[in-house]
Amino acid sequence: MRASPVGRTVRFAVLLAFLVVFLIPVYVLVVTSFKPLDEADPAAAWELPSNWSLDGWSGAWETLRPGLANSFKIAVTGSLIAAALGSLNGYVLSKWRFPGSDAVFTLFLFGMFIPYQAVMIPLAGLLTRMELAGTIRGLVLAHVVYGIPICTLIFRNYYVTIPNELIEAARVDGAGLLRTYSSIVLPVSGPAFAVTLIWQFTSLWNDFLFAVFLGAPDSWPVTVMLNNTAGSGAVAVQYNQQMAAALLASLPTLVVYLLLGRFFMRGLMAGALKG
Amino acid sequence: MARGNAGVRRLPGGRAPRWLPGLLLVAPSILAIGLFVYGLIFWNLRVAVSGRHDEVTPYGFDRGRNFVDLWDDPSWPPAVRHALLFTVVFVGGALLLGALLAFLMEKGIAAEAGFRAVYLFPMAISFIAAGVVWRWLMNPAPPERAVGLNQLFGDLGLDALANDWWQNPTWGMAAMAIPAIWQMSGYVMALYLAGFRGVPDELREAARVDGASEWQVYRYVVFPQLRPVTLSALIILGHISLKVFDLIMAIAGKQIITYVPAIATYVEVFDRHDPANGATIATYLLLAVALLVIPYLVWSVRAERVR
Chain A
3 MRASPVGRTV
13 RFAVLLAFLV
23 VFLIPVYVLV
33 VTSFKPLDEA
43 DPAAAWELPS
53 NWSLDGWSGA
63 WETLRPGLAN
73 SFKIAVTGSL
83 IAAALGSLNG
93 YVLSKWRFPG
103 SDAVFTLFLF
113 GMFIPYQAVM
123 IPLAGLLTRM
133 ELAGTIRGLV
143 LAHVVYGIPI
153 CTLIFRNYYV
163 TIPNELIEAA
173 RVDGAGLLRT
183 YSSIVLPVSG
193 PAFAVTLIWQ
203 FTSLWNDFLF
213 AVFLGAPDSW
223 PVTVMLNNTA
233 GSGAVAVQYN
243 QQMAAALLAS
253 LPTLVVYLLL
263 GRFFMRGLMA
273 GALKG
Chain B
74 MARGNAGVRR
84 LPGGRAPRWL
94 PGLLLVAPSI
104 LAIGLFVYGL
114 IFWNLRVAVS
124 GRHDEVTPYG
134 FDRGRNFVDL
144 WDDPSWPPAV
154 RHALLFTVVF
164 VGGALLLGAL
174 LAFLMEKGIA
184 AEAGFRAVYL
194 FPMAISFIAA
204 GVVWRWLMNP
214 APPERAVGLN
224 QLFGDLGLDA
234 LANDWWQNPT
244 WGMAAMAIPA
254 IWQMSGYVMA
264 LYLAGFRGVP
274 DELREAARVD
284 GASEWQVYRY
294 VVFPQLRPVT
304 LSALIILGHI
314 SLKVFDLIMA
324 IAGKQIITYV
334 PAIATYVEVF
344 DRHDPANGAT
354 IATYLLLAVA
364 LLVIPYLVWS
374 VRAERVR
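Chains A and B, in that order, give the protein sequences. Following the working numbering, the numbering of the first sequence begins with 3 at its first residue and continues without gaps. Following the working numbering, the numbering of the second sequence begins with 74 at its first residue and continues without gaps.
As structure tokens, this is what we get:
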């Protein structure tokens, strides 16, 4: 019972139409980013550049460079630490349970869904007391803590598939908690680390909320800098530079997505609680 | 655990239970979540029921008056209305579009990987970066100097579609949901595609043998299997929607016309310097999300135990 050729063509045509619609914003971004300033007029948004120019890109690079550096520091450190913690937590919560571990897991999970606004006001105060307010370390700390739930979830759902007999065998051989982890669990954790790191890197890179509440000009990541350059009501917005900046700020996550999209998909699935 | 207890019995007062090292390993995370999630939620509640409407007044206690008084703030009821309208359009739109795309793809299509990649890539981009281009596309300038999508509609002879987008006082938030649908419907598609492909072929085959038409196979065999996917997608989209902040900041900033609770928290803290009101709004936001998420968490943990 395969679909008829007509049905298949219709489906393909509809999908293609949506594909074009999905790419409209990308077209405008790319085309405008390569226009010289005098061509980058909203009224001509749909036209190709008559002179291709890199001015927008070089301007964007100059403006965003400090933010890009901050974003890299925050996203790389934050996702590495959260992934390591998630791996240990996931291991214990799936293979070395303690009384009440299911309750702990459920309480962790709720932390994944809370609107961060509900902690932001006291969190800013707490970071000030810890002398971490406005610093990159403060942002990393916040991202790590609020990243624990999703990382734990991904690793736990992954480790559940390791046969219990393997763990028991190691225990019988006298291996303790950490020894079992390093000799049996860690060696097979590669895919789960890939999923977690990609997922965390993407969400930390794209974060805006934490950055505006907890950051300062010195520690602002690229999202805040981008939003500031795009400032509403500015007299003469350089549209070519603005569009190039939006693309530049998205490049790292897009590259990760294109190269490792397979893992990205799995991270998305984990987000749906179905590991 | 039974073994751990046996060990304790053999060596009274001696060896610790076997599960203890595990608990110790997770302890730092438990403490961190305890303090940063639950401790700070409590602290936020403390601020919300205080009289701290500026940054110097001592905290005090005003018996939750803020939760009532907030409704007299002229900007609050519209913020709630905006969030609800946004949620209905965004969740409904992303769910329908994602399900439709998955439905069209589920039997396999040429270049499927390419289609999937394009539908999904907006999710890798920040709302801030997406906002830069969508603000441009959804420009409400009148027809004679139309730009963005309105200009495109004009060029295509679809002038009727031209509108004032998010700057429409009644339906603006519905337009604001368009970029969010653009970003999230690929995700919904991926969820549904996995759901469709998870329905065993034998089930469909059996229904066909019983004389079911292709539509009946979907209606009675496939769609019922997709209910858990729909529920997951609803919860995930719903909580993203209630918290929407970045997208609106990027497109409209703090304008009253697109004011929502998440923006209101920010404005109370940074512009009006009123921690008590900010914390009150944040608490309402938390309640809304909790109402949505807690039943779902309980349901999925229970479902997993049954499995």
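Note that beta-carbon positions come from the ideal geometry of N, C-alpha and C, so glycine has one too. Computed from a prediction, not measured in an experiment: that's the story for all the values here.
(Q) Does residue 187 of chain B pass the burial test, meaning 16 or more other C-beta atoms within 10 Å, or should it be called exposed? (A) Classification of residue 187 of chain B: exposed, given that the 10 Å Cβ count is below 16.
Q | Bounding residues of the alpha helix (DSSP H) (the contiguous stretch that carries residue 194 of chain B) | A | No alpha helix (DSSP H) holds residue 194 of chain B; DSSP gives it neither H nor E.
Q) Can we count residue 91 of chain B as close to the ligand PLP, meaning its CB is less than 7 Å from some heavy atom? A) Annotation note on the ligand PLP: not contained in the displayed structure, which lists no ligands.
Q. If you compare alpha carbons, which of A:256, A:242, A:40, A:217 is closest to residue 63 of chain A?
A. Checked all of A:256, A:242, A:40, A:217; the closest Cα to residue 63 of chain A is A:242.
**Q.** Range covered by the alpha helix (DSSP H) that runs through residue 342 of chain B
**A.** Here the alpha helix (DSSP H) through residue 342 of chain B covers 334-343.
(Q) Can you list, in chain order, the residues of its chain with a C-beta nearer than 7 Å to that of residue 255 of chain B? Leave out the 5 residues immediately preceding and following it. (A) So the qualifying residues of the chain are 195.
Q: Would you check if the region 83-94 of chain A and the region 245-257 of chain A touch, i.e. whether three or more CB-CB distances between them fall below 8 Å?
A: Contact between the region 245-257 of chain A and the region 83-94 of chain A is absent: fewer than 3 CB-CB pairs across the two stretches fall below 8 Å.
(Q) For residue 40 of chain A and residue 337 of chain B, what's the separation of their Cα atoms in angstroms? (A) Each residue's Cα considered, the two are about 38 Å apart.
**Q.** Cutoff 8 Å: residue 259 of chain A Cβ touching any chain B Cβ
**A.** By this cut-off, residue 259 of chain A is an interface position.
Q: Let me know the secondary structure DSSP gives residue 286 of chain B once reduced to three states.
A: Coil, per DSSP.
Q: Please say whether residue 108 of chain A and residue 110 of chain B have beta carbons closer to each other than 8 Å?
A: Not a contact, by the Cβ cut-off of 8 Å.
Q) Going along chain A in order, which residues have a C-beta closer than 9 Å to the C-beta of residue 224 of chain B? A) In chain order: 44, 45, 47, 48.
Q. Contact check, residue 126 of chain A vs residue 36 of chain A under 8 Å by CB: the rounded distance?
A. Not a contact, Cβ separation roughly 40 Å.
Q | Alpha carbon of residue 110 of chain A to alpha carbon of residue 155 of chain A, nearest angstrom | A | Their backbone Cα atoms lie some 9 Å apart in a straight line.
Q: Helix, strand or coil for residue 137 of chain A, going by three-state DSSP, please let me know.
A: When secondary structure is reduced to three states using DSSP, residue 137 of chain A falls in the coil class, being assigned neither helix nor strand.
(Q) To be precise: take each residue of the region 99-125 of chain B, compare its Cβ to all Cβ atoms of chain A, and keep it if any distance is under 7 Å. Which residues remain? (A) When CB distances to chain A are screened at a threshold of 7 Å, the residues of the region 99-125 of chain B falling below it are 99, 102, 103, 105, 106, 109, 110, 113, 114, 116, 117, 120, in chain order.
Q: Let me know if residue 371 of chain B comes out buried or exposed under the rule of 16 or more other beta-carbons within 10 Å of its beta-carbon.
A: Flag for residue 371 of chain B reads exposed.
Q. Taking Cβ positions, are residue 191 of chain B and residue 25 of chain A nearer each other than 8 Å?
A. Yes, the Cβ-Cβ distance between residue 191 of chain B and residue 25 of chain A is below 8 Å.
Q: Could you tell me the distance, in whole angstroms, from the CA atom of residue 304 of chain B to the CA atom of residue 317 of chain B?
A: Residue 304 of chain B and residue 317 of chain B: Cα-Cα distance of roughly 20 Å.
Q. Under the rule that 16 or more other beta-carbon atoms within 10 Å means buried, what is residue 237 of chain A, buried or exposed?
A. Because residue 237 of chain A carries a pLDDT of 49, less than 50, the predicted location of this residue cannot be relied on, and the following value inherits that uncertainty. Result: exposed.
**Q.** Under the three-state DSSP convention, the category residue 75 of chain A falls into
**A.** Per DSSP, reduced to three states, the secondary structure at residue 75 of chain A is helical.
Q: Could you tell me the distance, in whole angstroms, from the CA atom of residue 194 of chain A to the CA atom of residue 43 of chain A?
A: Put simply, the backbone Cα of residue 194 of chain A is about 46 Å away from that of residue 43 of chain A.
Q) Nearest-angstrom Cα distance between residue 280 of chain B and residue 152 of chain A? A) In this structure, the CA atom of residue 280 of chain B is about 39 Å from the CA atom of residue 152 of chain A.
(Q) Measuring only the C-alpha atoms, how far is residue 121 of chain A from residue 115 of chain A? (A) Each residue's Cα considered, the two are about 12 Å apart.
Q | Interface partners of residue 150 of chain A on chain B, CB under 8 Å | A | Ordered by position in chain B, the residues that pass the 8 Å Cβ test against residue 150 of chain A are 102, 105, 106.
Q) So, are the CB atoms of residue 66 of chain A and residue 224 of chain A less than 8 Å apart? A) Going by C-beta atoms, residue 66 of chain A is nearer than 8 Å to residue 224 of chain A.
Q) Can you find a C-beta in chain A that's less than 8 Å from the C-beta of residue 238 of chain B? A) Chain A, which has no Cβ nearer than 8 Å to the Cβ of residue 238 of chain B, makes this no.
Q: Report yes if the C-beta distance between residue 289 of chain B and residue 268 of chain B is below 8 Å; otherwise report no.
A: Not a contact, by the Cβ cut-off of 8 Å.
Q: List the residues of chain A whose Cβ lies closer than 9 Å to the Cβ of residue 132 of chain B, in chain order.
A: Within chain A, no residue comes near residue 132 of chain B; the closest Cβ sits about 12 Å away, beyond 9 Å.
Q: Starting from the Cα of residue 122 of chain B, find the closest Cα among B:143, B:230, B:165 and give me that residue.
A: Closest by alpha carbon: B:143.
Q | Residue nearest to residue 172 of chain B in terms of C-alpha spacing, selected from B:325, B:366, B:340, B:263 | A | Nearest of B:325, B:366, B:340, B:263 to residue 172 of chain B, Cα basis: B:263.
Q. Are three or more beta carbon pairs between the region 148-163 of chain B and the region 240-248 of chain B nearer than 8 Å?
A. Between the region 148-163 of chain B and the region 240-248 of chain B, the count of Cβ pairs shorter than 8 Å is three or higher; the stretches touch.
Q) Are any of the Cβ atoms in chain A nearer than 8 Å to that of residue 330 of chain B? A) Not an interface residue.
Q. Considering only C-alpha positions, which residue in the set A:158, A:265, A:102 is nearest to residue 86 of chain A?
A. For the residues A:158, A:265, A:102, the minimum Cα distance to residue 86 of chain A belongs to A:158.
Q) Shorter than 8 Å from the beta carbon of residue 244 of chain A to some beta carbon of chain E? A) Looking for chain E here will not work: the only protein chains present are A and B.
Q.
With H, G and I counted as helix, E and B as strand and the rest as coil, what does DSSP make of residue 328 of chain B?
A. Of the three classes helix, strand and coil, the one that applies to residue 328 of chain B here is coil, per DSSP.
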